[in-house]
Amino acid sequence: MVLQPVRGTRDLLDQELANHKHIIKTAESIAATYGYKPIETPIFEYTSVFQRTLGDTSDIVGKEMYTFSDRGGDSVTLRPEGTAPVVRAMMTQGLTQILPQKRIYSGPMFRYERPQKGRYRQFHQLGVEYLGASNPFADVECIALADHILKFLGIHSCTLYVNTLGDLESRSVYRQALVDYFAPYRDDLSEDSKIRLDRNPLRILDSKNPDDQKICQGAPQFDDYMNATSRDFFVTVCDGLAAVGIEFTRDPHLVRGLDYYCHTAFEFKTTALGAQDAILAGGRYDGLMEQMGGPAMPGIGWALGIDRLALLLPQQEDKPPFKVAVIPVGDDDYTHSLVLAQNLRHNSVTVEIIFSGANIGKRLKQADKNGCTVAILLGADEVASNTVKVRDLRGATAPEMKERTVDRRDLTQFLKAEQLS
Ligand code: HAM
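According to our numbering, the sequence shown is numbered sequentially starting from 16.
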């Protein structure tokens, strides 16, 4: 039996990998203009970094974490997201006094979800975290960065949904109103929502279960329970977004699947990917660092799903790279070919040495199959006269170039001119 990758994981190569790298490079260079500096955290952390911080009732903690005991008996978890690790790192690195901290990261995340198009068990996120800024304009700037990156990448087919979860005071009053409303429906709620009713009733509003959704239609609205501070904060964010020309839709049911959020929550969604419609999501998490044992520290951030975004990238029509084949004519010419190839590579020419093929004809075919643009033939005569034969592999173009003898000393310059032609 041929060994298979683990369900929900996959190898990345060719165009898909190129898209991933393009997204990361673009996002990093745009984020740098907003003052974001890179950070890399480990791929696994102590389980406690995620356990309570993401929320005991969140799907991630309840069902999706890859958690195991290591050989020393410590419980560790493959990171399901990047916010809690970055907040942990700020404390570990003693950076909580040097504020604000704007950090950007990317890498694989792990969630035990049911795999489908755009949803994997090992997926890739690029995220930003802005710590130490409590001002609502920081939320606007953070969302503007997301919008900037998506537009620059040519993603126009998405909608920004924004909501507020208010401050702690507003949320606890609202929470009680929800408990009072949902309690008489307890028996009709899904099993998940029954648990949420006891632990985090806000998340019932996020349920995908159709019966739950029907009951939710009559649920109390958060806007009726928000205090003045929360309302002012949200109005400032909305006005700020309008001022920088970012269109958005208010979605009062957007509550997010992680418990650490307060005030602003947002998602960029597309209709192009079926059920996996969120391509970038985030929000404010002012209580997170304190909950992790650190100082009170406001924070806002987001993460984009690189895998999902890669599926949406406009098709790039890349010119095939200029590649040179070095073909040894006889068995004695391998060493000379190797030396020549190394010399060209040190001059930034891409070279493939063709070792296989019984005769020149077969080797030339092999060079063509490898996507080489020109072939350099190196035999005893060429070695003796310090020349090479250069043959054009680009079909009928430039017939005068079909085969040319070129002095070895002029070869790099000759090839660079060919590359431009
Ligand atoms: P999240 O909404 O859980 O937020 O994930 C952010 C994005 O990661 C999603 O919108 C989606 O594009 C992508 N994603 C999530 N799960 C999968 C999966 N199984 N397969 C493929 N893509 C996936 C967070 O993770 C927060 N840490 C974001 C944040 C940063 N909030 C504040 N700062």
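Glycine included, C-beta positions come from ideal geometry on N, C-alpha and C. This structure is a prediction, so every number in the text was calculated from the model and none was measured.
Between residue i and the rest of its own chain, which residues show a CB-CB distance below 6 Å, the 5 nearest in sequence each way excluded?
| i | result |
| --- | --- |
| Leu-212 | Phe-197 |
| Met-304 | Val-102 and Met-312 |
| Asp-383 | Leu-408 |
| Asn-224 | Ser-205 |
| Leu-93 | Phe-59, Tyr-81 and Phe-125 |
| Phe-248 | Pro-151 and His-278 |
Between the C-alpha atoms of residue i and residue j, what's the straight-line distance to the nearest angstrom?
| i | j | result |
| --- | --- | --- |
| Ile-342 | Lys-36 | 32 Å |
| Ser-187 | Pro-335 | 59 Å |
| Ser-73 | Gln-291 | 18 Å |
| Arg-183 | Cys-277 | A quick correction: the sequence has Leu, not Arg, at residue 183. Leu-183 and Cys-277: Cα-Cα distance of roughly 7 Å. |
| Arg-214 | Val-194 | 10 Å |
| Ala-296 | Trp-317 | 5 Å |
| Gly-320 | Glu-397 | 54 Å |
| Glu-79 | Lys-132 | 18 Å |
| Ser-205 | Asp-226 | 8 Å |
| Leu-288 | Ala-325 | 11 Å |
| His-171 | Leu-165 | 7 Å |
| Gly-77 | Asp-71 | 6 Å |
| Ala-356 | Val-421 | 15 Å |
| Leu-269 | Gly-87 | 41 Å |
| Asn-385 | Thr-24 | 29 Å |
| Tyr-176 | Pro-267 | 9 Å |
| Arg-134 | His-361 | 42 Å |
When we look at the beta-carbon of residue i and count the other beta-carbons within 10 Å, is it buried (16 or more) or exposed?
| i | result |
| --- | --- |
| Gly-50 | exposed |
| Pro-216 | buried |
| Met-16 | exposed |
| Phe-370 | exposed |
| Pro-57 | exposed |
| Pro-53 | exposed |
| Arg-299 | buried |
| Pro-310 | exposed |
| Leu-28 | exposed |
| Asn-34 | buried |
| Asp-347 | exposed |
| Val-250 | exposed |
| Phe-83 | exposed |
| Ala-395 | exposed |
| Ile-113 | exposed |
| Pro-95 | buried |
| Gln-19 | exposed |
| Gln-108 | exposed |
| Arg-378 | buried |
| Tyr-349 | exposed |
| Lys-284 | buried |
Considering only DSSP beta bridges, list what residue i is partnered with.
| i | result |
| --- | --- |
| Arg-424 | Paired residues: none, contrary to the question. |
| Cys-173 | Thr-285 |
| Asp-407 | Val-389 |
| Ser-121 | Leu-141 |
| Leu-319 | Leu-141 and Leu-295 |
| Tyr-81 | Leu-93 |
| Lys-431 | For Lys-431, which the question treats as bridged, DSSP gives no partner whatsoever. |
Near residue i, what residues of its chain come up, given a Cβ to Cβ distance below 8 Å and the 5 sequence neighbours on each side ignored?
| i | result |
| --- | --- |
| Arg-22 | Pro-130 and Arg-136 |
| Leu-3 | For the chain, the structure presents residues 16 to 436; residue 3 sits outside this window and is missing. |
| Asp-89 | Tyr-61 |
| His-351 | Pro-343, Leu-393 and Val-398 |
| Met-307 | Val-64, Thr-68, Ala-99, Val-102, Arg-103 and Met-106 |
| Asp-154 | Val-252, Gly-255, His-278, Thr-279, Arg-299 and Ile-315 |
On a Cα-Cα basis, can you pick out the residue from the options that is closest to residue i?
| i | options | result |
| --- | --- | --- |
| Arg-271 | Asp-322, Asp-301 and Asn-178 | Asn-178 |
| Met-106 | Leu-327, Phe-248, Arg-94 and Leu-146 | Leu-146 |
| Glu-144 | Lys-404, Asp-301, Ala-325 and Val-344 | Asp-301 |
| Leu-168 | Phe-281, Arg-134 and Ile-45 | Ile-45 |
| Ile-391 | Ser-208, Ala-373, Leu-353 and His-361 | Leu-353 |
| Thr-174 | Ser-436, Thr-41 and Phe-263 | Phe-263 |
| Pro-329 | Arg-25, Glu-31 and Thr-24 | Glu-31 |
| Leu-160 | Val-403, Thr-41 and Ile-375 | Thr-41 |
| Gly-233 | Arg-246, Gly-255, Val-250 and Pro-199 | Pro-199 |
| Phe-337 | Phe-125, Ser-363, Tyr-349 and Gly-314 | Ser-363 |
| Leu-220 | Tyr-189, Phe-248, Asp-247 and Val-91 | Tyr-189 |
| Ala-192 | Ala-382, Ala-373, Gln-236 and Thr-285 | Gln-236 |
| Asp-7 | Asn-150, Glu-282 and Ala-99 | Residue 7 is absent from the model: the chain starts at 16 and stops at 436. |
| Leu-256 | Thr-279, Cys-387, Pro-267 and Met-241 | Thr-279 |
| Gly-122 | Ala-432, Asp-322, Lys-404 and Arg-378 | Asp-322 |
| Arg-423 | Gln-434, Val-403, Glu-433 and Ala-432 | Val-403 |
| Pro-151 | Val-252, Leu-327, Thr-286 and Gly-314 | Val-252 |
| Ala-47 | Gly-109, Lys-117 and Gly-97 | Lys-117 |
| His-139 | Asp-254, Asp-274 and Ile-38 | Ile-38 |
| Ile-261 | Gln-434, Glu-156 and Gly-142 | Glu-156 |
| Leu-273 | Gly-97, Glu-43 and Val-259 | Gly-97 |
Does chain D have any CB closer than 8 Å to the CB of residue i?
| i | result |
| --- | --- |
| Thr-402 | Within the model displayed, chain D is absent; a lone protein chain is all it includes. |
Given residue i, which residues of its chain have a CB within under 7 Å of its CB, disregarding the five upstream and five downstream residues?
| i | result |
| --- | --- |
| Pro-115 | Tyr-145, Leu-146, Gly-147 and Ala-148 |
| Ile-368 | Val-341, Ser-352, Leu-353 and Ala-356 |
The ligand GDP and residue i: does any heavy atom of the ligand fall closer than 7 Å to the residue's C-beta?
| i | result |
| --- | --- |
| Thr-82 | With respect to small molecules bound, the structure shown includes the ligand HAM and not the ligand GDP. |
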